[in-house]
């Protein structure tokens with residue numbers, strides 16, 4: 376935990392006696408601690424629940440697990456321990472991508488597959504804003520699939536073209552929706568190399584979020600190249616570094632049918648590697664979608 380002087384702890388306790396418990400996880404930033412306390416009060420209201428929430432934060436429990444929800448684009452999604460919390464970086468590129476996707480499609484004529492779906496944030500944001508699309512999602516974790524199904528109901532998509540299954544894409548890709556071809560595959564895979572996990576992740580993440588959803592290197596990008604490229608006309612995969620982007624781009628460099636690129640986030644870090652068929656079987660204008668997505 377950061378070193379915070381007794382003088383500062385006393386001063387914030389005079390504002391609200393619960394603020395010192397939040398100050399440590401907020402790295403000593405008083406404004407951030409006040410904001411967290413405001414969110415906790417608004418969501419929980421009951422004094423005992425608020426006190427308990429502040430104690431949990433002092434013990435590094437992620438705020439989203441305490442409040443049990445996380446905004447993502449137009450949605451307010453359920454979150455639970457054992458399932459990765461949606462990040463702003465994912466929300467940023469996902470909502471940017473959605474803004475570029477065709478608003479109208481014949482019913483069932485635009486098929487999306489979301490791999491490593493977790494809470495379902497990407498799949499459900501697409502399904503919510505593009506109601507004529509077929510959206511299918513896959514995750515290995517039974518906890519993630521249970522949460523995803525609950526989020527489908529929470530955001531009112533239970534009677535739409537949203538499907539989800541539990542499966543291991545690294546072992547059984549050839550059997551997953553095996554008869555389908557997709558217009559778009561999205562994926563936020565585990566991408567933190569195991570030797571970087573300790574130094575790159577906060578204590579809160581290491582203690583409470585699922586390592587299964589965080590730690591890997593190139594396995595899921597190899598899986599894309601081996602199994603999914605023949606079954607899709609475009610893809611967007613989140614990445615953790617430039618090496619992972621280049622791995623995918625180099626893997627497709629021999630295939631002149633594919634155009635590839637890198638999308639940077641608002642912190643100017645490589646955040647996605649994407650690709651699309653220059654001459655797809657469908658009439659979708661992928662050049663238009665991805666030329667604007669990359670900027």
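Numbering (our numbering), first residue to last: 376 to 670.
Using N, Cα and C, we set each Cβ at its ideal position, and we do this for glycine too.
The structure presented is a predicted model; accordingly, all values stated were derived computationally and were not measured.
In terms of residues, what are the limits of the beta strand (DSSP E) holding residue i?
i	result
residue 396	Here residue 396 belongs to no beta strand (DSSP E); instead the alpha helix (DSSP H) covers 394-398.
residue 635	633-639
residue 511	509-514
residue 610	609-613
residue 446	444-447
residue 647	645-652
residue 562	559-562
Kindly indicate which residue of the options has the alpha-carbon position closest to the one of residue i.
i	options	result
residue 618	407, 647, 602, 421	647
residue 596	662, 562, 479	562
residue 635	440, 610, 645, 656	610
residue 552	485, 506, 413, 606	606
residue 529	444, 653, 410, 461	444
residue 593	459, 401, 428, 614	614
residue 391	401, 405, 573, 400	405
residue 469	446, 496, 570, 481	496
residue 531	450, 570, 423, 519	450
residue 604	627, 583, 660, 622	627
residue 403	432, 379, 420, 426	379
residue 517	630, 385, 455	455
residue 670	659, 574, 474	474
residue 466	477, 439, 476, 500	500
residue 633	410, 642, 623, 653	653
residue 550	422, 602, 623	602
residue 649	660, 612, 568	612
residue 481	658, 663, 662	658
residue 510	555, 519, 521, 546	555
residue 623	508, 574, 641, 598	598
residue 621	630, 568, 637, 608	637
residue 440	582, 629, 396, 600	582
residue 642	616, 625, 660, 629	616
residue 546	514, 575, 521	514
Would residue i pass as a contact of residue j if the rule is Cβ separation under 7 Å?
i	j	result
residue 548	residue 523	no
residue 512	residue 502	no
residue 639	residue 645	yes
residue 579	residue 435	yes
residue 558	residue 479	no
residue 488	residue 544	no
residue 668	residue 472	yes
residue 446	residue 460	no
residue 408	residue 398	yes
residue 413	residue 458	no
residue 452	residue 526	yes
residue 464	residue 442	no
residue 542	residue 566	no
residue 427	residue 400	no
residue 608	residue 655	yes
What is the residue span of the alpha helix (DSSP H) that residue i lies within?
i	result
residue 575	569-575
residue 582	578-583
residue 413	405-419
residue 383	381-390
residue 624	617-627
residue 451	From DSSP, residue 451 is part of no alpha helix (DSSP H) but of the beta strand (DSSP E) over 450-453.
residue 663	661-668
residue 597	594-598
residue 422	422-433
residue 547	544-547
Does any C-beta atom of chain B lie closer than 7 Å to the C-beta of residue i?
i	result
residue 571	No chain B appears in the structure shown, which is made up of a single protein chain.
- Task: Quick one: which unbroken alpha helix (DSSP H) runs of 4-plus residues sit fully inside the segment 458-538? Chain order, please.
- Result: 463-475, 496-504, 517-529
- Message: Using 8 Å as the cut-off, can you tell me whether the segment 580-598 makes contact with the segment 529-537, which would need three or more C-beta pairs spanning the two stretches below that distance?
- Response: no
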